[in-house]
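The structure appears below as structure tokens.
Protein chains: 4
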Amino acid sequence: MTTHHFVPSAWHNVIGTLPAALTIQSGDVVITETLDAAGFDKANTRQKPGPNPMNGPISVAGAEPGDSLRVDILRMTPNRAHGWTRAALAANVVDPESVRDLPPRDAANWHIDLEGHTVTLAPPVPGLEHLVLPLDPMIGCFGVAPPLGQAFSTATSAENGGNMDYRGCRPGASLWFPVAVPGALFFVGDCHAIQGDGEIVGTGVETSFELELRLTVDKALKVTWPRGENADSIFTIGNARPLDQALQHATSEMLSWLITSYGLSRVAASHLMGQVVRYEVGNVFDPAYTMVCRIEKKWLPHRRG
Amino acid sequence: MTTHHFVPSAWHNVIGTLPAALTIQSGDVVITETLDAAGFDKANTRQKPGPNPMNGPISVAGAEPGDSLRVDILRMTPNRAHGWTRAALAANVVDPESVRDLPPRDAANWHIDLEGHTVTLAPPVPGLEHLVLPLDPMIGCFGVAPPLGQAFSTATSAENGGNMDYRGCRPGASLWFPVAVPGALFFVGDCHAIQGDGEIVGTGVETSFELELRLTVDKALKVTWPRGENADSIFTIGNARPLDQALQHATSEMLSWLITSYGLSRVAASHLMGQVVRYEVGNVFDPAYTMVCRIEKKWLPHRRG
Amino acid sequence: MTTHHFVPSAWHNVIGTLPAALTIQSGDVVITETLDAAGFDKANTRQKPGPNPMNGPISVAGAEPGDSLRVDILRMTPNRAHGWTRAALAANVVDPESVRDLPPRDAANWHIDLEGHTVTLAPPVPGLEHLVLPLDPMIGCFGVAPPLGQAFSTATSAENGGNMDYRGCRPGASLWFPVAVPGALFFVGDCHAIQGDGEIVGTGVETSFELELRLTVDKALKVTWPRGENADSIFTIGNARPLDQALQHATSEMLSWLITSYGLSRVAASHLMGQVVRYEVGNVFDPAYTMVCRIEKKWLPHRRG
Amino acid sequence: MTTHHFVPSAWHNVIGTLPAALTIQSGDVVITETLDAAGFDKANTRQKPGPNPMNGPISVAGAEPGDSLRVDILRMTPNRAHGWTRAALAANVVDPESVRDLPPRDAANWHIDLEGHTVTLAPPVPGLEHLVLPLDPMIGCFGVAPPLGQAFSTATSAENGGNMDYRGCRPGASLWFPVAVPGALFFVGDCHAIQGDGEIVGTGVETSFELELRLTVDKALKVTWPRGENADSIFTIGNARPLDQALQHATSEMLSWLITSYGLSRVAASHLMGQVVRYEVGNVFDPAYTMVCRIEKKWLPHRRG
């Protein structure tokens, strides 16, 4: 296993079949610094316009269409003492007539205490002087090249991952993406110091990070939509609009997983899911919304595959 | 404060303006036994066909249109050693083409260990022999009469509450419903021994319960959609399809609450919600879906109203 | 066959199981004057607040649950020289962020030339001085009592009809509604001098009318959703949100009709529908949206049932 | 003006920034033969797998980002005596539970009478022996390269056009697409001998065609979503899910058009649209659905821009 220090010289606003910026072996670790959602680096220099400039693509030797790419999020270290958000709820998350009353979508600045691991509005906003949030890093946008030569804006998401803005994509989690092209072509960026469910102001606390990730080709697990695992749970991710459809994708993917890897019948899987499933909301701001279907491992039968 | 033992002689499949079965004072406690979703009581006698026969309505003296009815869920005691579920995921929660492969929507039986506080499939289903779930009681359907003389099936939900199937409606929680008619006219039933998010098999573990509830007229808090509170959090509930719209209702209701009761500006409320909101899914089975917007109290400013 | 001149003394804002204001025989004709959507009559006197006060209910002798009520729209005569609309697109029919730029939802006045059969803004709005619209009467809201003792606001629609705002509900059309209670209990009101698809300003040109309708119990045709027929076409109506679901209801209802009344197999019905179906949009303003699935009669096989 | 006979040697399953296969001047005419949706040509030889292989891209000299590409559909001549469809309604256009009863998605063959201009099932399907449909050619999928280096599958659609399956894209119509890259990069294919609204079996009658199109750079008209015009009407096209959102895009685009080109205020545009708009449904089968907002020219003020 090798650890690669990947310093990009270019960034991308799409996830697609682009020339690899780095090629690694399956199981290698990559350490890399990401830009914020608007393309500013740790020195606050704009390296690339948004949306969500990506590091990559990283080609993983041996990955073939039909495989999965497993991504272990080993570490996320913010490397800048400030981040930014929008100062108004997005128009699409409130009742339509009430959009007339929303404030302008101004930017706001946040202080990130890199030692104290806290995140605070700077300057404070009246009424929120008390608000000291914990640093809670997560990856907003990552994934692999989609099939057919498609290339998707990093403002959206699909079967191949992308801008899902799910808080569960944090250190300690592993994700599986469906490989569609040789080498998988992995992209990553758009990390947040903290974010509420839904990314309902259109941002988390957007800042630059140093990431440490392990990328592994998984030839056994076949996935249609992104799947994930952490210490406690397994989960599946659906990306679509409306949220109902994202939920259908995530639910169908979980059903498949329980049948294929845990040997359950459709009836048994229905019983299990019906009584223990948890749904979590990724973003409800982007062109595709994100819904997560999660099951705690303590409820699962022994895994067979 | 009086405690009423309310023994219904009739049950209702709608929530609407019906003659009060019981009239109480604001702050009184009601103890009552509910039927399961199909109308069977603790002796497994069918008292009323479904959907979700309701106890009530209970009129609370002094409740006037524009007030809120606060419902404290003090205790939920299952009073029958068995419950039932459906044995297949609902057609509307999986990818449309995959509906062809779903099993039949048969009923399944569950054993409820009233002493041990566990819930198990009886007989076990192959692959789930290990599955011992905790008893985790919740109210599936409750609410107050809607305005205009409307009456809604207990299979659905709206501003007045109804069949929301939100796991957070459990002992220790308080809910506020918008009073639309004198006396509020409160209905309750359809309790579950346990249920996963979304009620995606179309049921939780459906059984009969003894409930202990306190009903209080709140003349200060004006609500459009149901609101709630528990030891840790406040939350708002939106009911609609698609889930996107339910989310809009819950989000707008939370925005109003933060402005009105916590004195936040729209900008401050946006900042707070954007970084700390949690969304939770009630049912995604019924004609109206349910989305909950929740904020932990530790993030809130001091409440002013 | 009798012709009844029905002069209501009360109007209703819900469609539900209310005491019959008139009882007729199947096949009888009813002539009645309707209020506009805000409850103003032909003398511009407000008889009842909105939404959409209904004449009725009219009980039709012999109608039983499971039957259909056929409504022939024989004549619609506007009886007031003015109508009104809203002056802004509804917030829910434009892109969410653009709601900020919408004008206020003021009321606007229209002149109805009862002789010339035209409809014009009065006073004219700059840029639309040329606009002389034809009088094109339609019924916005009508239907029968829903099952279970439910009662629905006349602002919305469901299986039982209601506020569908479909332009095809005009003189010469016949509609079938699913009878859920003895007598069917028919309600009607909210007629428009003209209206675009979708009722996207939230109104057509709202005015008072004299209607002539024939109500007939149809014991042969079983319907789940409203169906209709005119000289050229048959059609089915779905009411729900999102529009996708309304379309599913209308499409499934048409599939059933082709199988049951025209003897087609599912494959044959799929072929026919796939190549000749026309969809038309009722309202996309109300809590439930309306989608119509229409087939020209010239494509249909001989009707068997 | 030059007429180009464009004979592709390669076809594409995405619409994106690919090397131009042909470069023409603005206003030139292109005659080209398209494959059917599955990639079969007029000799029934499969030249390329689906979905919807595209001819192109054609670069139009002088087209710059921000311009529009005007496409005049001058002629569509089917060049094969047979086409094909699917034999079952798509799962997503019927009520979810009823999907269980749908027939398999088999292919069916249709005879195209190139002289008689008719389309018939071959062999006939029982119950539809009478069905002789008119030849009614339309383009299912066409558009221009999207911005940012994105590339979209020809199974879907977006601001740049794509697989919209709108019957109005027929001879005599002109479409405008938003140019995002130099040369516009126009793609076309997937033509239908006839198709019902919604493409609800997932296909029209899929066959090969000879097309004659004129491509013109329009530097005056700025469009966000595709717009169109025919002898009688102007129209705008929104592509998204749910259909509600597609309708929002089409409606907002029409509002912009009326303001910009016809000099109407938002109030005047609301009045006009509210009473005369017609909505038409493109496909409701693909990942993005298509809704068209149409206004007859007779209602429009004199065009200023």
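Protein chains in written order, with our numbering: chain A, 259 to 563; chain B, 259 to 563; chain C, 259 to 563; chain D, 259 to 563. The C-beta atom is built at its ideal place from N, Cα and C for all residues, glycine as well.
* Report the residue from D/M312, D/T343, D/V352, D/I289 whose alpha carbon sits nearest the alpha carbon of C/M549. => D/V352
* To do: Report the residue from A/S466, A/N350, A/G314 whose alpha carbon sits nearest the alpha carbon of A/Y547.
  => A/N350
* Could you tell me whether the Cβ atoms of B/T474 and B/R328 are closer together than 8 Å? => yes
* **Segment contact, 8 Å Cβ cut-off, at least three pairs: the stretch 309-323 of chain D with the stretch 432-449 of chain D** => yes
* Quick one: what's got a C-beta closer than 6 Å to A/T281's C-beta in the same chain, skipping five residues either side? -> S317
* With burial defined as no fewer than 16 other Cβ atoms inside 10 Å of the residue's Cβ, what is the status of D/A365: buried or exposed? -> exposed
* Asked: Grouping DSSP H, G and I as helix and E and B as strand, with all else coil, what is B/A508?
  -> helix
* Going by the C-beta, is B/T343 closer than 7 Å to any heavy atom of the ligand GDP? -> For the ligand GDP, the structure offers nothing, since it holds no ligand at all.
* Asked: Got a sec: is the Cβ-Cβ distance from D/Q408 to anything in chain A below 8 Å?
  -> yes
* What is the C-beta distance between C/M312 and C/V287, in whole angstroms, given that I count them as a contact (C-beta under 8 Å)? -> Actually they are not in contact, since the Cβ atoms of C/M312 and C/V287 sit about 19 Å apart, beyond 8 Å.
* To do: Look up A/G324 in the DSSP assignment and say whether it is helix, strand or coil.
  => coil
* To do: Going by DSSP, name the residue or residues bridged to A/Y547.
  => A/A498
* Rounded separation between C/T275 and B/P382 - CA only -> 45 Å
* Would you mind reading off the limits of the beta strand (DSSP E) that contains A/G532? => Careful: A/G532 lies outside any beta strand (DSSP E), inside the alpha helix (DSSP H) at 524-534.
* To do: Please name the residues in the stretch 345-357 of chain C whose beta-carbon is closer than 7 Å to at least one beta-carbon of chain A, in chain order.
  => A349, N350, P354, E355, V357
* List the residues of chain A whose Cβ lies closer than 8 Å to the Cβ of B/D455, in chain order. => V535, R536, Y537
* Smallest Cα separation from D/P323: which of D/E554, D/P405, D/L347? -> D/P405
* **Span of the beta strand (DSSP E) around C/C399** => 396-402
* Asked: How many Å lie between A/F435 and A/K477 at the Cα?
  -> 12 Å
* How would you list, in chain order, the residues of chain B whose beta-carbon sits under 9 Å from the beta-carbon of A/S523? -> P361, V383, P384, G385
* Asked: Just curious, the beta strand (DSSP E) that C/L471 is in, first and last residue?
  -> 467-476
* **Whether C/I273 touches C/N418 by CB criterion (8 Å)** => yes
* Alpha-carbon to alpha-carbon, A/R425 and A/K555 -> 19 Å
* Same chain, Cβ closer than 6 Å to B/D423, five either side skipped, listed in chain order -> G398, E457, G540, N541
* Identify every residue that forms a DSSP beta bridge with A/L280. => A/I316
* Asked: For the beta strand (DSSP E) that C/A365 lies in, which residues bound it at each end?
  -> 365-371
* **Within chain B, the residues that D/P309 reaches when beta carbons sit closer than 8 Å** => What D/P309 touches in chain B: nothing, since even the nearest Cβ is about 16 Å away.
* Grab me the residues of A/D330's own chain with a C-beta within less than 6 Å of its C-beta, minus the 5 sequence neighbours each way, in chain order. => S432, R472
* Can you give me, in chain order, the residues of the stretch 498-509 of chain A that have a beta carbon less than 7 Å from any beta carbon in chain C? => P500
* To do: Could you round the C-beta distance between A/A296 and A/E464 to whole angstroms and report it? I think they count as a contact, below 8 Å.
  => 7 Å
* Kindly indicate the opening and closing residues of the beta strand (DSSP E) around A/H375. => That residue, A/H375, is in no beta strand (DSSP E); it is neither H nor E in DSSP.
* Asked: To the nearest whole angstrom, what separates the beta carbons of C/F564 and C/R562, a pair I think is in contact under 8 Å?
  -> The structure shown does not extend to residue 564 of chain C, since chain C is modelled only from 259 to 563, so the question has no answer here.
* Boundaries of the beta strand (DSSP E) in which C/V272 is found, first to last residue -> 272-274
* To do: Flag C/G274 as yes if its beta-carbon sits less than 8 Å from any beta-carbon of chain E, otherwise no.
  => Absent from the structure: chain E. Protein chains present are A, B, C and D.
* To do: Would you mind reading off the limits of the beta strand (DSSP E) that contains B/E355?
  => No beta strand (DSSP E) holds B/E355; DSSP gives it neither H nor E.
* Limits of the beta strand (DSSP E) - the one that A/A409 falls within -> 409-411
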